[in-house]
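Worksheet: one structure, shown below.
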Amino acid sequence: MNRPELIQKETTNRLDPVTFEVLKNGFINLVDQMAEQILRTCYSFVIYNRDFSCALCDAEGNTVMQGTQDISVHVGTLHLTAKAVLEDFGDDIHPGDAFLVNDPYRGGTHFNDTRVVLPVFHDDRLIAFMQTNGHWADMGGTTPGSFDVTAKEHYGEGVRIPPVRIYSKGRYLADVVNLIALNMRVPEERIGDLRSQVEAAKVGQAQLLEIIRKYGLETTLIAFEEVQDYVERLAKTKIKSLPKGTWETVDYIDMDPELGDGLIPIQVKMTISDEEILYDLTGSHPYIGCFLNSGFGASLSAAYAGTKTFFPEIPLNSGFYRVVKVILPENSVVNAPSPIAVTGFCSGTFEKIMNACFELWSNIMPERALACSFNLEYLLIGGNDLRNEQNQYFMWYDWMAGGHGGRYDRDGANATSPVFGVGLSVQPCEGQERLSPVITTKHEIITDSAGPGKYRGGCGVEKGGVLTEIKNTVMSYCCDRSRSLTWGIFGGLPSYPHGAWLNPGREDEQFLGTIFSNVEVKSGDSFVRPSAGGGGLGDALERDVEAVLEDVIDEYVSVERARKDYGVVIKEIDRDLDLFEIDYEATKREREFIRNNRKKWLELDPVIVEKQFQNGEIDKLDVIRRFGVIMDYATNTVLLKSTEQFRQSLRKRSLAYWK
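Sequential numbering of the sequence shown, starting at 206, is according to this note's numbering.
Written as structure tokens, this is what we have:
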């Protein structure tokens, strides 16, 4: 399925403006009420921290409205799962039914995102679907948390659920639910989340029937159509005001484990015509030998979300999907077929498509420009909790905040949610420690993690922890951008590599990288992992020197990197009193020195850079920002193919804008 065809309807404006506005906002409130129900009744700490979404769909499965805090990855897929239920069950859908589906090859995202689809009837007429989607913390498979980076096919990733009936005419099908849940870790929690999602969908159903009681069925159904037509009109009006033409770029996944050195390209070409935006991802790499691939539904969602970021004034429903079309080549990393593994799409393909869209739109709408943002990452630890006599199974499931890219006229946001899901909450350490035998030892902003620029990226965060009373416990990590580093635009520089370390500072210290599964850990083991900052926007040598000084005072930038990255020479007088002094003459000389040499630095033999790094003559950020060299930090050796690809990116996004 490359381009879902959505029927376009004539605009008729059959509702008066007041009724239309009341019903439109009533639908928004309806979906948000569903979200509140999930938040208060879910069992999973993951879902409690807002990894969920809800939607109201019409009788054809088209999205009428989504919630105000839904995470971006779900926005373009919920209508596809509603349509999958219609395709499989047709006329065999009845009042009191409810369906469960998580199939990423039928329009879902990955197995963890499990959707309850509840049909709504009025006088035996199917009029709508309520949909609630929650990220279940475990779906079975070979790895706690169901993120097995070694999986090449989905059979090791957990339970694949095609549309299946879990309520039949009001009767709960316990045998069906048990068959599914008992193939997962902590099944009672999974069943609790399912019931929470069902009840939330029923809240939406009750709200909709109340709207119908007040305004009538036909008026409500007309409003379903009008709301979608309204969004389509807004989108088309905006498109007509934009320049017409074609723009293209490429972003990368770090690697294919089967191929070794070499970034994995995701090609994105965007064409704006009079009435539509077309994304063509032809030329993207064939699917790879780990789970960072994406199914077609998730890639569609990435294009929708990347576009919507630049049109915050336009609501989101299927009217938007009528004007944003996407071509996804089959058997590629952006449209992997069953049974190719896709659970890690969130850290792999999805955000690469989104950030590529950001770059394309930044050229068209520079007043809303946004450089590349840090990569979503998940650290998962699962095993037996020995803090109580039952030795219960625990799942510590964590994601981090990080830095967003520099913007048109301001710095990127520090320590915020990933663009994958801007509605996600940062999980409170106190809650995690109560639920799992993992103590957080540090959670702090990383100095120098922000990509330098006239407007720097936001800063990343470092989080560390120690394992306490555990048994039979393993750790897994899903991330990216240890090699395809978070890049800047319009002359800005990259940020900082991702990666996780086990037992840092000890003799058995080990760099585990950005993707690993089932690493055995024991009581007393510790870990730490940084998140990148955002890429910089604009030439760092044009940043106001006083702004650099403020960053040094705030410890966002060190005195050393202020000189190396921004050419600003600052003398520390008293750190405790925040007393520093800019040497303006030395700054002028330093900036001139950098201007005269930085293009040459990007041509230096990477092997020479490797030796300088190994000898301690330069540090990791010198390697990245001055020389554009990509290293394997497990061995401290240069990756020649990845380096050349990364340097090509720097030449296009940074060097081309330097004076």
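Idealized CB from N, CA, C, for every residue including glycine.
query: Which of the three DSSP states, helix, strand or coil, is assigned to methionine 206?
result: With a pLDDT of only 37 at methionine 206, under 50, the local geometry of the prediction cannot be trusted, and no value is derived from it.
field: Short Cβ contact (8 Å threshold) for threonine 268 with alanine 260
entry: yes
query: lysine 530 by DSSP, collapsed to three states: which one?
result: strand
query: First and last residue of the alpha helix (DSSP H) that includes glutamate 480?
result: Careful: glutamate 480 lies outside any alpha helix (DSSP H) and carries neither H nor E.
Three-state class that DSSP yields for glutamate 714 in the structure shown: coil
message: Assuming leucine 505 and lysine 513 are in contact, meaning their beta carbons sit under 8 Å apart, how far apart are those beta carbons, in whole angstroms?
response: About 12 Å separates the two Cβ atoms, so there is no contact after all.
task: Measuring alpha carbon to alpha carbon, tell me which of Thr673, Gly662, Tyr420, Asn383 ends up nearest asparagine 593.
output: Thr673
field: CA nearest to the CA of asparagine 234, picked from Asp759, Gly718, Gln850, Ala411
entry: Ala411
query: What is the DSSP secondary structure of histidine 327, reduced to helix, strand or coil?
result: strand
message: For alanine 356, tell me which candidate among Asn388, Ser277, Ile493, His284 has the shortest Cα-Cα distance.
response: Ile493
query: Roughly how far, in whole angstroms, is the beta-carbon of asparagine 619 from the beta-carbon of glycine 608, given that I think they are within contact range, below 8 Å?
result: 6 Å
- prompt: Among residues of its own chain, excluding the 5 on either side of proline 709, which ones have a beta-carbon nearer than 8 Å to its beta-carbon?
  reply: Gly669, Ser731, Phe732, Val733
field: Local Cβ density within 10 Å of serine 859, reported as buried at 16 or more and exposed below that
entry: buried
- request: Would you grab the beta carbon distance between serine 722 and threonine 348 for me? Rounded to a whole angstrom, and I think it's under 8 Å.
  value: 5 Å
field: Straight-line gap, aspartate 237 to methionine 335 (C-alpha atoms, nearest Å)
entry: 12 Å
- prompt: Taking DSSP as the reference, what is the three-state secondary structure of histidine 490?
  reply: coil
message: Just list the residues that DSSP pairs lysine 449 with in beta bridges.
response: For lysine 449, which the question treats as bridged, DSSP gives no partner whatsoever.
query: Going along the chain, which residues of its own chain have a beta-carbon closer than 6 Å to the beta-carbon of serine 630, five neighbours each way excluded?
result: Asn254, Arg255
query: DSSP on proline 309, reduced to helix/strand/coil?
result: helix
message: Here's a check: name, in chain order, each residue in its chain whose Cβ is nearer than 6 Å to the Cβ of threonine 645, leaving out the five neighbours to either side.
response: Cys634, Gly670
Closest Cα partner of isoleucine 799 within the set Trp692, Gln271, Arg768, Ile813: Arg768
field: Within-8 Å CB hit, valine 280 to chain B
entry: Included in the structure is just one protein chain, with no chain B present.
Alpha-carbon spacing of lysine 530 relative to tyrosine 484, whole angstroms: 6 Å
- prompt: Rounded to a whole number of angstroms, what is the C-alpha to C-alpha distance between glutamate 481 and arginine 320?
  reply: 30 Å
field: Supposed close pair aspartate 302, arginine 400 - CB separation, criterion 8 Å
entry: Contact flag wrong, Cβ pair sits at about 16 Å.
- prompt: On the premise that aspartate 461 lies in contact with isoleucine 471, defined as a C-beta separation below 8 Å, what is that separation, rounded to the nearest angstrom?
  reply: With 8 Å as the limit, isoleucine 471 and aspartate 461 do not qualify as a contact, their Cβ atoms being about 13 Å apart.
query: Going by Cα to Cα distance, which pick from Asp221, Lys816, Ile458, Arg856 is closest to threonine 842?
result: Lys816
message: Count Cβ pairs between the segment 655–665 and the segment 736–746 that sit closer than 8 Å; are there 3 or more?
response: yes
field: Distance between glutamate 423 and valine 679 (C-alpha atoms, nearest Å)
entry: 56 Å
field: Separation of isoleucine 385 from cysteine 684, as counted between CA atoms
entry: 28 Å
Where tryptophan 706 falls: helix, strand or coil (DSSP): strand
query: Counting only runs that start and end within the segment 670–703, where is the beta strand (DSSP E) found for 3 or more residues in a row?
result: 675–683
message: If you follow the beta strand (DSSP E) that tyrosine 602 is in, where does it begin and where does it stop?
response: 598–604
- prompt: Are the segment 697–717 and the segment 595–604 touching by the rule of at least three beta carbon pairs closer than 8 Å?
  reply: no
- request: Note down the Cα distance separating tryptophan 706 from serine 700, rounded to an integer number of angstroms.
  value: 19 Å
- prompt: isoleucine 829: buried (16+ other C-beta within 10 angstroms of its C-beta) or exposed?
  reply: buried
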